[in-house]
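Enquirer: One structure, pasted below without further comment.
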Amino acid sequence: MSADPALRDSNPCAHTRLPKGNDTEDDEVFLEPDEYALPKTHLRVDAVDIVDALVSTGLRWGEVTALQPRDFTFASKRPTLRVQRAWKWRGEGGTFLGAPKAKKSRRTLVLTTEQVRLFQGACLGKKPTDLVFTAPEGGAWHSGVSA
62 MSADPALRDS NPCAHTRLPK GNDTEDDEVF LEPDEYALPK THLRVDAVDI
112 VDALVSTGLR WGEVTALQPR DFTFASKRPT LRVQRAWKWR GEGGTFLGAP
162 KAKKSRRTLV LTTEQVRLFQ GACLGKKPTD LVFTAPEGGA WHSGVSA
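Counting from 62, one number per residue, gives the positions in the sequence shown under our numbering.
Here it is, written out as structure tokens:
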């Protein structure tokens with residue numbers, strides 16, 4: 062069988078030079094506390110804690126919405142948060158909890174005093190496997206985007 066047009070027998074990119082360094086990547090941009098103060102005033106009351114958690118930790122949406130009280134160690138000299146799970150999309154639709162995409166994504170964060178206050182309040186009265194942050198109507202927060 063022959064291809065139309067004919068297949069190449071050499072790599073047309075063989076002598077192409079790729080850009081060096083991170084010339085093609087955007088720099089990371091972080092909000093300063095005073096820059097975050099204005100948009101925070103426009104949040105719904107029931108979303109402030111979850112947005113504060115996102116902003117202060119740098120966690121992804123699927124990670125912060127999958128947090129459970131058992132992910133925290135508060136009674137320690139260095140309180141921590143262990144990222145162990147994230148929301149995953151099923152092929153046929155819907156979501157489930159699973160391990161983060163990459164092994165590096167399973168990580169431990171040392172919490173600041175403000176973060177400890179935030180997360181202790183959010184965990185108050187919850188069982189170890191309950192979700193720390195629940196949507197206003199109850200249950201898991203969902204991004205509304207399908208993969």
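Glycine included, each C-beta is placed from N, C-alpha and C at the ideal position. Quick caveat: nothing in here was measured; it's all calculated off a predicted structure.
Could you round the C-beta distance between E198 and P161 to whole angstroms and report it? I think they count as a contact, below 8 Å.
Expert: Actually they do not touch by this definition, with Cβ atoms about 26 Å apart.
Enquirer: Do the region 102 to 112 and the region 151 to 165 make contact, defined as three or more Cβ pairs closer than 8 Å?
Expert: no
Enquirer: Checking 8 Å against the spacing of the C-beta atoms, do L185 and P140 come in under that value?
Expert: no
Enquirer: Return the CA-CA distance between A208 and K187, expressed in angstroms with no decimal places.
Expert: Summary for A208: the model assigns pLDDT 44, below 50, so the residue's position carries little reliability; its value from the coordinates is reported in the next sentence. Distance between the alpha carbons of A208 and K187 is about 30 Å.
Enquirer: Could you check the C-alpha separation between S117 and G182 for me, to the nearest Å?
Expert: Going by the C-alpha atoms only, they are around 15 Å apart.
Enquirer: Where does the unbroken alpha helix (DSSP H) through T169 begin, and where does it stop?
Expert: Boundaries around T169 are those of the beta strand (DSSP E), 168 to 171, since no alpha helix (DSSP H) includes it.
Enquirer: Check whether the Cβ atoms of V193 and Q145 lie closer than 8 Å to each other.
Expert: no
Enquirer: Going along the chain, which unbroken runs of the beta strand (DSSP E) with 3 or more residues stay wholly within the region 131 to 167?
Expert: 141 to 144, 147 to 150, 156 to 159
Enquirer: For A127, is the classification buried or exposed, using 16 other Cβ atoms within 10 angstroms of its Cβ as the cut-off for buried?
Expert: The residue in question, A127, is buried, as its Cβ has 16 or more Cβ neighbours within 10 Å.
Enquirer: For K138, which of L179, P189, A201, T174 has the nearest alpha-carbon?
Expert: Answer by Cα proximity: T174.
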